[in-house]
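There are 2 protein chains.
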Amino acid sequence: MRLSRYFLPVLKENPAEAQIVSHRLMLRAGMIKQAQAGIYSWLPLGFKVLKNIENIVHEEQVKAGHIPMLMPTLQSADLWRESGRYDDYGEEMLRITDRHGRDMLYGPTNEELITDIFRSHVSSYRDLPLTLYHIQWKFRDEIRPRFGVMRGREFLMKDGYNFDVDKPSALHAYNRHMVSYLRTYERMGLQAIPMRADSGPIGGDDTHEFLVLADTGESEVFYDSDILNLKFGDRVVDYDDWEECAGIVKEWTTPYARTDETHDPALFDAIPEARRRTSRGIEVGQIFYFGTKYSEPLGATVQNADGKAVPVHMGSHGIGVSRLLGAIIEASHDDKGIIWPEGVTPFHCGIVNLKQGDAEADAACETLYASLVAMGLEPLYDDTNERAGAKFATMDLIGLPWRITVGPRGLKNGVVELTSRRSGESEELPPELALAKVAEIYAAR
Amino acid sequence: MRLSRYFLPVLKENPAEAQIVSHRLMLRAGMIKQAQAGIYSWLPLGFKVLKNIENIVHEEQVKAGHIPMLMPTLQSADLWRESGRYDDYGEEMLRITDRHGRDMLYGPTNEELITDIFRSHVSSYRDLPLTLYHIQWKFRDEIRPRFGVMRGREFLMKDGYNFDVDKPSALHAYNRHMVSYLRTYERMGLQAIPMRADSGPIGGDDTHEFLVLADTGESEVFYDSDILNLKFGDRVVDYDDWEECAGIVKEWTTPYARTDETHDPALFDAIPEARRRTSRGIEVGQIFYFGTKYSEPLGATVQNADGKAVPVHMGSHGIGVSRLLGAIIEASHDDKGIIWPEGVTPFHCGIVNLKQGDAEADAACETLYASLVAMGLEPLYDDTNERAGAKFATMDLIGLPWRITVGPRGLKNGVVELTSRRSGESEELPPELALAKVAEIYAAR
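Protein chains in written order, with this note's numbering: chain A, 1 to 445; chain B, 446 to 890.
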């Protein structure tokens, strides 16, 4: 993309309404614009990152054997009356009446609707196990929406639902979700720690939240620093292997890690003092096993191998897709702006032309641009007439992890400059080597 | 995907509620499930086609230089009061009140919101031309929703908005949209004819609808059969070339083609009789140039080259993404089920194992499956224990354009069967040649 043809309305001033850094930076980098309290338009740069995050979530869910579909945003109140949650849910549920006077609601979650689909179509244990998920906009009418996309009212969430014939199979689904979530966050450059959690209005006994450490997190968290050493890297997981998945879950849930809701000071104090950590965390996902809580009232049963009708065992599993943008920025930024992890960056590499209009510099930039595109990468080429300082400030603000700077002086010596946004370090290299290095960085991903 | 692990709830019976063939086939093929009147869940197979269609729309818009973003589903009533459309829109607008008593609505279209974004961030002609678009769920509270996804209440639409400094530039944007739309439909295997249309509540002078010919279409259409000979094929378009785009538009709008709303019998009768056609059509898109209709009331002005503030010239351009599934099926099916065009098919090739459990047949199917995946294609392998007839019926119903049938008898002779869903013709071939043929079909696309 050439910046002269893009829509990137960066702001020079800090917007007054933004209390936390991710909100401030998303507004300044021209990623979002507030439409109403807690409801945002995703401007082109923000939309690109949102799509990248959504794609990673899709890919990891499909790898785990979960099946994508899509439920509508609006739901019938009747189903929620059947489960008994219509009256429980309180004022956060946005209630709507259509032209015929029928009660509807903007879905805050989808246990009822997915269970209705299941009970209409599945009647035998032979069709199980089954995990369906979707990524769809949801609404919670927060009384005081704030922190930008971190606590918005209209938000994008991945929610998945497993249906299993019994508890052991449902617990394997739980484990599969934990593993796929950990991999999902790692690909986004995040370390999200699974913490034993409270189940809240979804219900259920087994539940873990995934928390990203950040000073602005809404929860106080307590953990054993050993957990920070755990990584997947290139490890290939066989999601059909119950023991392998259970082993990974054990590995990640053995070190102490809890939020203030479930914190147990006695257990915490048993950790060697040097490894005890207290911090703040941002919740970016949660998984639940809740057994037959919804299948019983909604009549979602299957015939088991003995020909007996049994209610299915279910769980639900969510990732806050739009919220993740905020969480990533909270975890990865500096005074100059955002620092995107390579896995989610909106453009792979920036190109800054120090002297737009100079025939040699223009030609070198065009060649770099075409080469990056030919490699399957997306460059953002600042081809405007802004001065160099302003171009650098914009690139730093929007946080592309790599930048190639091209100027007449360097070109005389046959070099361009390759700069890492994270380290700030620059290297002078012939253009071909700069390209090779960028290619190598992204090929490794 | 292996069918034994997929969720494909096909129906044997014709659902009573479906009046038209696309609705019936989408329900029978397990693509959608009604959640409430005019609101559908997209089951896995339907979701895959929806995504394929969405991706083609995105790709062709980006090629035309249009910039993707995303506006929220809910909008503030205040903006619609500013444009004067809040009271005009009638009962089709779903009006909502939040917990603080603020008036909102579920967006049926986005002229107001995009103009608000524009006026907040753009003030100079130097930032033009600019075309922003999104693909987002919309709601129109139809009094009698029917025909499945063809006239639903919650529907997915691509809507794009161009901002130009003057009328000639805006008319180039109009032409660019017409060209990109024609290419979009052609990639989906559809012939959509641009027809001069009425502007309705969007307003404006220049507007064309795109209609797909089908017996169940809601509009009566009149056209010169010459227009059916127009194709893009491999033709590359330079969207920056005003004359090229205008030339294509002229080519496609010169043969007579109108709906009953704009039909002119005198002009129609001037066509040689052998070329006069009357048919029915399904609307799958519409483009509008409406000048300053929204920019004036909403104060969206830019400074022009003379330093004078002028209201921008706008147009809006929509493609009915979810409706397209219905239109494609209406245009491409037979008694046995759907016939997907290769460009949108949910799986590229079906594999039917005639004797599941037979070691040789199983091994041959596995090899075919792995080879198709290695080619970057998505097969659907029916690895269930159903009898052959039921497997064929399901494959025909869900409409994959190509099927490879594997059985012990053929394997003894070293062959499998490759069948075209469209022609019904089968060919016996060694597995490698069947694979090569499927690869060739999709490589040509």
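We treat Cβ as the ideally placed atom computed from N, Cα and C, and that holds for glycine.
- prompt: Can you tell me the Cα-Cα spacing of Gln61(A) and Ser180(A), whole angstroms?
  reply: 7 Å
task: Just the C-alpha distance for Arg196(A) and Arg280(A), rounded to the nearest angstrom, thanks.
output: 15 Å
- request: Measure the beta-carbon distance from Asp141(A) to Glu186(A) and round it to whole angstroms, keeping in mind my assumption that it falls under 8 Å.
  value: Not a contact, Cβ separation roughly 33 Å.
Boundaries (first-last residue) of the alpha helix (DSSP H) holding Arg24(A): Val21 to Arg28
field: CA-to-CA distance, Leu453(B) to Phe118(A), given in whole angstroms
entry: 12 Å
Short Cβ contact (8 Å threshold) for Val406(A) with Cys365(A): yes
- request: Just the chain B side, please: which residues come within less than 9 Å of Leu418(A) by C-beta, in chain order?
  value: Residues of chain B passing the Cβ test: none, with the nearest at roughly 27 Å.
query: Beta carbon of Met623(B), beta carbon of Ile477(B): below 8 Å?
result: no
task: Less than 8 Å between the CB atoms is what I'm expecting for Pro501(A) and Ile328(A), so what's the real figure, rounded?
output: No answer is possible for residue 501(A): the residues shown for chain A start at 1 and end at 445.
field: Reduced DSSP secondary structure (H/G/I, E/B, other) of Val757(B)
entry: coil
- prompt: Comparing alpha-carbon positions, which option in Leu880(B), Gln801(B) and Leu842(B) lies nearest Arg447(B)?
  reply: Gln801(B)
- request: Starting from the beta carbon of Asp238(A), find every residue of chain B whose beta carbon is closer than 9 Å, and list them in chain order.
  value: Under the 9 Å cutoff, chain B gives no residues; its nearest Cβ is about 14 Å from Asp238(A).
message: Using 8 Å for Cβ pairs, my map puts Ile796(B) next to Tyr814(B). What's the rounded Cβ distance?
response: 6 Å
task: Throw me the rounded Cβ distance for the Val747(B) and Val567(B) pair, which I believe falls under 8 Å.
output: 6 Å
query: Does the Cβ of Gly414(A) lie closer than 7 Å to at least one heavy atom of the ligand COA?
result: Absence of the ligand COA from the depicted structure is noted, as is the absence of any ligand whatsoever, leaving it without description.
With 16 other Cβ atoms within 10 Å as the buried cut-off, status of Thr576(B): buried
query: Would Val502(B) pass as a contact of Ile559(B) if the rule is Cβ separation under 8 Å?
result: no
- prompt: Would the beta-carbon of Leu799(B) fall within 8 Å of that of Ala838(B)?
  reply: no
Interface residues of the stretch 66-91 of chain A facing chain B [CB-CB below 8 Å]: Ile67, Pro68, Met69, Leu70, Met71, Pro72, Thr73, Leu74, Gln75, Ser76 and Glu91
task: Can you say whether Val49(A) is buried or exposed, counting buried as having 16 or more other CB atoms within 10 angstroms of its CB?
output: buried
task: Determine the contact status of Met26(A) and Leu213(A), defining contact as a CB-CB distance below 8 Å.
output: no
- prompt: Would a check of beta-carbon distances place Lys33(A) closer than 8 Å to chain B?
  reply: yes
task: Could you name the residues of chain B that Pro9(A) contacts, counting a contact when the two beta carbons are closer than 7 Å?
output: His566
Residue from Ile484(B), Phe667(B) and Tyr684(B) whose Cα sits closest to the Cα of Asp98(A): Ile484(B)
- request: Enumerate in chain order the residues of its own chain whose CB-to-CB distance from Ser426(A) is below 6 Å, with the five nearest sequence positions on each side excluded.
  value: Glu417 and Thr419
- request: Grab the span of the alpha helix (DSSP H) containing Thr394(A) for me, first residue to last.
  value: Ala388 to Ile398
message: Does the contact criterion of 3 or more C-beta pairs under 8 Å hold for the stretch 734-748 of chain B versus the stretch 685-692 of chain B?
response: no
message: To the nearest angstrom, how far is the alpha carbon of Gly869(B) from that of Leu128(A)?
response: 34 Å
- prompt: Using the beta-carbon of each residue, which ones in chain B are nearer than 8 Å to Ile450(A)?
  reply: Any property of residue 450(A) remains undetermined from this structure, which presents chain A solely from 1 to 445.
Identified DSSP bridge partners for Phe222(A): Arg258(A) and Thr278(A)
- prompt: Between the stretch 597-618 of chain B and chain A, which residues of the former have a C-beta closer than 7 Å to a C-beta of the latter?
  reply: Glu599
- prompt: If we call anything under 8 Å between Cβ atoms a contact, is Tyr442(A) one with Leu377(A)?
  reply: yes
- prompt: Exposed or buried, His778(B), counting other C-beta atoms within 10 Å across all chains shown (16 or more means buried)?
  reply: buried
task: Can you tell me the Cβ-Cβ gap for Glu499(B) and Leu524(B), rounded? I've got them flagged as a contact below 8 Å.
output: 26 Å between Cβ atoms; not a contact.
task: Only counting runs of 3 or more residues, tell me where the beta strand (DSSP E) segments fall wholly within the stretch 163-216 of chain A, in order along the chain.
output: 192-196 and 206-213
- prompt: What's the gap between the Cα of Pro194(A) and the Cα of Arg151(A)?
  reply: 20 Å
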